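Trainee: Got a structure for you, questions after.
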Amino acid sequence: MFYFFLSHCFLVAQAVYDFGFERYNDVKVYENSSQLLFPWAGGMNSCHFSEIDLNLDGIMDLIIFDKHGNRIIPFINNGIPNVISYTYSPSYIQSLPALHDWVIFRDYDCDGKNDIFTYADGGGGIKVYRNISDTVLKFELAVDPYLTYSGNMPVNIWLTNADYPVIEDMDNDGDLDILTFGVLGKYLIYYKNMAMERHGNCSQFDFIKEDNCWGKFYESEASNTLRLNQTCSKNTDNDFSGGEIKHTGSTLLALDFNNDSIKDLIIGDVDYSNLIRLYNGGTKDSAYMVSQDTLFPSNTLPVHLFSFPCASLCDVNNDGKKDLLVSSYETRPNLAVNNASCQLYLDSGSLGHPEFKYSGEKRFFQDQMIDVGSGSYPVLFDYNHDSLADLFIGNWGYYDSSYYRSGYLYSKYHSQIALYKNTGTPSLPEFTLITRDFAGLSSLNISAAYPAFADLDGDGDADMLTGTAKGNILYFENTAGPGNPPQMVLLDTAYQGINPGSYCTPQLIDLDHDGLIDLVTGQQNGKISFYRNTGSLQNPQFTLVTDYLGEVNVTNTLTSFYGYSVPCFFKDSTGKYRLFVGTEQGNIFYYKKIENNLGGAFELTDTLTFKVNNHVVDLDEGNNAGIAVSDLNHDGYNDIIVGNFAGGLSYYKGIVPPPLNLGITNAHAKLTPGLTLYPNPANEYIKLEIEDNDNNPETYVEIFDAYGNTYYKNFLGIDNLISTKNLSSGIYFISVTSYKNVVMTSHRILKFIVGF
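Okay, here's the thing in structure tokens:
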């Protein structure tokens with residue numbers, strides 16, 4: 047059973063969380079008779095790859111960054127020469143700052159440790175974290191955003207979140223330069239780093255706009271066509287002539303193909319499937335592209351990946367040569383390849399003369415994970431009556447194909463339900479793939495399939511309801527009979543006329559304890575609908591009671607119009623219902639006070655957290671979270687499996703609930719060092735201690751709740767105290783922004799509790 051601990055459970059009378067979880071990756075999963083290496087790594091959709099030494103052993107490890115949910119996926123390189131061998135190591139996520147849109151690891155200060163370049167929080171720029179690791183991995187904010195100068199005026203180095211820049215030493219002078227497309231996405235802008243010339247070291251950030259048309263080419267406004275031999279004016283990057291601006295977005299990779307110390311270029315473009323290689327016939331100080339290969343690499347199977355391929359270089363097989371990894375850079379969820387989106391090209395050339403050959407691997411690392419395309423919705427249900435919970439996974443959809451219509455790109459997807467049978471023991475679960483297309487759902491061409499199971503006709507076997515993107519519910523009758531493998535027959539595509547709203551996520555459960563199975567369902571609007579069973583065991587009739595059950599609404603209005611609620615009701619050890627709700631933004635909300643309160647407001651207690659490295663941090667596995675709950679190892683603590691939009695799953699084992707004062711932080715806030723908040727929980731006040739704020743007297747704070755409602759905003763006083771007397775009991779967040787000379791130097795968010 048799921049244990050909820052009260053304060054008297056501890057001799058020190060210390061308050062504890064209602065539950066405890068820790069990430070667990072040792073549950074085995076088998077597909078096609080092979081054990082998956084990284085089953086619980088969360089899936090991969092739209093990725094790019096970087097190298098960094100995570101465990102400080104002198105060997106470059108691998109970071110995969112997935113734009114679908116801004117997910118960081120770390121792997122330790124086992125360092126075997128000429129062998130691809132990695133270990134999934136999610137504990138390093140907590141040692142990295144919050145990253146979004148893109149990330150590149152490069153050593154800017156020449157200390158031998160790769161630093162972090164990523165998209166600036168305010169948009170339209172680059173920020174940098176310096177690697178200050180000694181005995182452990184750690185980073186500090188170095189600059190946010192990168193600045194250059196227009197005359198005497200400091201301005202951002204412009205970069206949209208749809209572009210992937212080059213950050214390399216382009217002129218071979220020892221410091222890192224930047225290449226990125228201009229505002230209109232036509233011409234490449236070269237920002238030369240003057241650190242070595244002006245300061246004599248590479249640790250400075252000192253950029254000038256050196257070239258408005260690097261390489262003397264431009265990209266067409268209406269396609270990915272590149273036009274060479276262009277004469278560019280001083281203000282080329284601001285030239286609005288030449289036709290309609292149809293799209294912005296390109297990926298760049300610079301490398302020297304022929305060992306002449308002059309960088310060539312590989313370009314990917316939004317809405318297109320190919321990579322283009324440009325040959326640089328100029329000099330290191332004056333690039334000039336003389337020819338192009340539109341089917342790169344043309345010596346092997348060319349890249350063909352919808353949409354928006356992004357190329358990265360990493361030595362994945364430890365042979366001293368960097369290999370080519372290609373995935374989608376597509377942010378839009380309805381366009382990208384999602385089930386075979388990571389292609390590997392090994393460098394078969396000599397050192398300094400790369401020659402990339404397709405390895406045959408189009409699901410690099412994906413094939414070692416549970417990955418069901420996009421939008422994984424786990425449901426735990428014992429379908430074969432062996433007292434072991436089996437794993438069903440609905441999904442938003444698998445990529446099928448892409449096509450152009452009226453000059454615009456479209457892609458097709460279809461939903462399926464995967465079944466992983468629990469082939470373990472009561473104390474040691476394991477899962478084996480039985481089918482990716484349970485009940486033949488793929489033939490229906492629906493989206494966002496979400497299954498729910500219960501005996502709906504009183505014949506002793508479990509039937510299935512399936513929610514859809516359109517809001518209608520499919521009814522499958524199990525005709526197999528009790529104790530037999532299920533035989534699901536589709537009887538109704540609009541079950542009882544129920545349509546709670548788009549992207550409905552049903553759960554069948556006796557919520558009012560009257561012995562009849564009821565129906566609850568989440569939907570796109572972030573709320574939960576409740577349909578009471580007013581029929582019988584053999585003939586259920588689901589009657590709408592409310593479309594705002596418990597006054598639950600998980601929409602974060604600061605970021606979206608929608609919440610995409612995914613409810614999971616379960617019972618605690620006393621038989622009382624509790625509720626977890628997955629959300630679009632990736633948080634999982636936790637509600638209590640459900641019993642005898644179906645007409646009232648449930649109590650939002652927390653967003654779901656887990657314990658790592660003696661801290662309690664927010665559980666966030668990426669966008670569109672779904673959650674399933676069960677005591678899978680029968681140890682008395684419920685475990686959870688969490689899905690996300692990248693199509694994968696994460697497994698969390700139930701543990702003894704940690705004390706509330708263990709350290710309640712945002713998953714990344716503790717990684718910006720020097721910020722402490724106490725007491726937590728608070729009653730009358732909170733106090734901030736900011737160790738690195740001696741030279742930053744201006745610190746602005748805002749307090750808000752999970753729905754974005756703001757309760758306090760002001761500059762921090764000398765005593766660093768903030769009154770909480772006017773705050774109701776609940777969960778709050780505090781945003782702490784420090785400034786020096788009107789320039790933001792850090793931004794951090796912590797979570798705290800009032801009144802518990």
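Sequential numbering from 47 applies to the sequence shown in the numbering used here. All residues carry an ideal CB built from backbone N, CA and C; glycine is no exception. All values derive from a computational prediction rather than experimental measurement.
A333 lies in the beta strand (DSSP E); which residues open and close that run?
Mentor: Element bounds for A333: n/a, residue is neither H nor E.
Trainee: Can you give, in chain order, each stretch of the beta strand (DSSP E) that sits fully within the segment 311-390 and has at least 3 residues?
Mentor: Here the runs fully enclosed are 321-326, 335-342, 355-360, 369-374.
Trainee: Is F227 buried or exposed, if buried means 16 or more other CB atoms sit within 10 Å of its CB?
Mentor: With 16 or more other Cβ atoms within 10 Å, it is buried.
Trainee: Taking V212 and A268 to be in contact with their CB atoms under 8 Å, please state how far apart those CB atoms are, rounded to whole angstroms.
Mentor: So it is not a contact: roughly 24 Å between Cβ atoms.
Trainee: For V591, which residues of its own chain have a beta-carbon under 6 Å away from its beta-carbon, when the five flanking residues on both sides are left out?
Mentor: Correct list, in chain order: F576, R578.
Trainee: Whose C-alpha, out of S307, Y404, D72, T340, is nearest the C-alpha of T346?
Mentor: For the residues S307, Y404, D72, T340, the minimum Cα distance to T346 belongs to Y404.
Trainee: Ends of the beta strand (DSSP E) at A498?
Mentor: First-last of the beta strand (DSSP E) with A498: 496-500.
Trainee: Might you give, ordered along the chain, the residues of its own chain that have their beta carbon closer than 6 Å to the beta carbon of I458, omitting 5 neighbours on each side?
Mentor: Residue 458 is actually Lys in this sequence, not Ile. Only D446, S447 meet the Cβ criterion.
Trainee: So R244 is in the alpha helix (DSSP H); what residue range does that whole segment cover?
Mentor: Here the alpha helix (DSSP H) through R244 covers 241-245.
Trainee: To the nearest angstrom, how far is it from the Cα of K408 to the Cα of G89?
Mentor: Cα to Cα, the separation comes out at about 14 Å.
Trainee: For L100, which three-state DSSP category applies?
Mentor: Note: L100 maps to coil in three-state DSSP.
Trainee: Give me, in chain order, the residues of the same chain whose beta-carbon lies closer than 8 Å to that of Y129; leave out the 5 immediate sequence neighbours on both sides.
Mentor: Here residue 129 turns out to be Val, not Tyr, going by the sequence shown. Excluding positions up to five away in sequence, the list reads N363, N364.
Trainee: Quick one: Cα of Y636 to Cα of K771, how far?
Mentor: For Y636 and K771, the distance between alpha carbons rounds to 24 Å.
Trainee: By a C-beta neighbour count over all protein chains shown, 10 Å radius and 16 as the cutoff for buried, is N530 buried or exposed?
Mentor: Exposed, because fewer than 16 other Cβ atoms sit within 10 Å of the Cβ of N530.
Trainee: Hey, how far is the Cα of S420 from the Cα of P552?
Mentor: The alpha-carbon atoms of S420 and P552 are separated by roughly 19 Å.
Trainee: If contact is defined by three or more beta carbon pairs under 8 Å, each pair taking one atom from either stretch, is the segment 150-157 in contact with the segment 241-252?
Mentor: Yes, the segment 241-252 touches the segment 150-157.
Trainee: Our contact map puts T525 next to N571 with C-beta atoms below 8 Å; I'd like the distance itself, whole angstroms only.
Mentor: Actually they do not touch by this definition, with Cβ atoms about 35 Å apart.
Trainee: So, helix, strand or coil for A674, using DSSP?
Mentor: Three-state result, A674: strand.
Trainee: Which whole runs of the alpha helix (DSSP H) in the segment 188-264 are 4 residues long or more, in chain order?
Mentor: Within the segment 188-264, the complete alpha helix (DSSP H) runs of at least 4 residues are 241-245.
Trainee: For G801, I'd like the list of residues in its chain whose CB is within less than 6 Å of its CB, leaving aside the five on either flank, ordered along the chain.
Mentor: Here the set comprises S775.
Trainee: Taking R482 as part of the beta strand (DSSP E), name the residues at either end of that continuous run.
Mentor: No beta strand (DSSP E) holds R482; DSSP gives it neither H nor E.
Trainee: Counting only runs of 3+ residues fully inside the segment 492-568, write out the beta strand (DSSP E) ranges in chain order.
Mentor: Qualifying beta strand (DSSP E) stretches, in chain order: 496-500, 509-513, 519-524, 534-538, 551-555, 564-568.
Trainee: Skipping 5 residues on each side, what residues in its chain have a beta carbon closer than 8 Å to that of N281?
Mentor: With a pLDDT of only 49 at N281, under the threshold of 50, the placement of this residue in the model should not be trusted; the figure read from the coordinates follows. Here the set comprises N258.
Trainee: From the DSSP output, read off the bridge partner residues of N810.
Mentor: The question about residue 810 has no answer, for the chain in this structure spans 47 to 802.
Trainee: Apart from the five residues on each side of it in sequence, which residues of its chain come closer than 7 Å, Cβ to Cβ, to L38?
Mentor: There is simply no residue 38 to check, as the chain begins at 47 and stops at 802 in what is shown.
Trainee: So, with DSSP's three-state summary, where would you put L465?
Mentor: The answer is strand: DSSP assigns L465 an E or B state.
Trainee: Quick check on Y608: does DSSP put it in helix, strand or coil?
Mentor: Three-state DSSP puts Y608 in coil, outside helix and strand.
Trainee: Buried or exposed: S307, going by 16 or more other Cβ atoms within 10 Å of its Cβ?
Mentor: Classification for S307: exposed.
Trainee: Quick check on DSSP: helix, strand or coil for Q81?
Mentor: Note: Q81 maps to strand in three-state DSSP.
Trainee: By Cβ distance below 6 Å, which residues in the same chain neighbour V417 in space, the five residues on each side in sequence not counted?
Mentor: The question names Val, yet the displayed sequence has Asp at residue 417. The answer, listed in chain order, is G89, G693, G694.
Trainee: Could you give the distance in angstroms between the alpha-carbon of Y175 and the alpha-carbon of D681?
Mentor: So the alpha carbons of these two residues sit roughly 42 Å apart.
Trainee: Nearest CA to the CA of E256: which residue from S96, Y466, T194?
Mentor: Of the candidates S96, Y466, T194, the one whose C-alpha sits nearest the C-alpha of E256 is T194.
Trainee: Is I122 closer than 8 Å to S141 when the C-beta atoms are compared?
Mentor: Cβ distance not < 8 Å, so S141 and I122 don't count as in contact.
Trainee: Contact defined as beta carbons within less than 8 Å: I believe F30 pairs with I172. What is the distance between those atoms, to the nearest angstrom?
Mentor: Since the first residue shown for the chain is 47 and the last is 802, residue 30 is missing from the structure and cannot be characterised.
Trainee: What is the DSSP secondary structure of Y138, reduced to helix, strand or coil?
Mentor: Y138 falls in the helix class under three-state DSSP.
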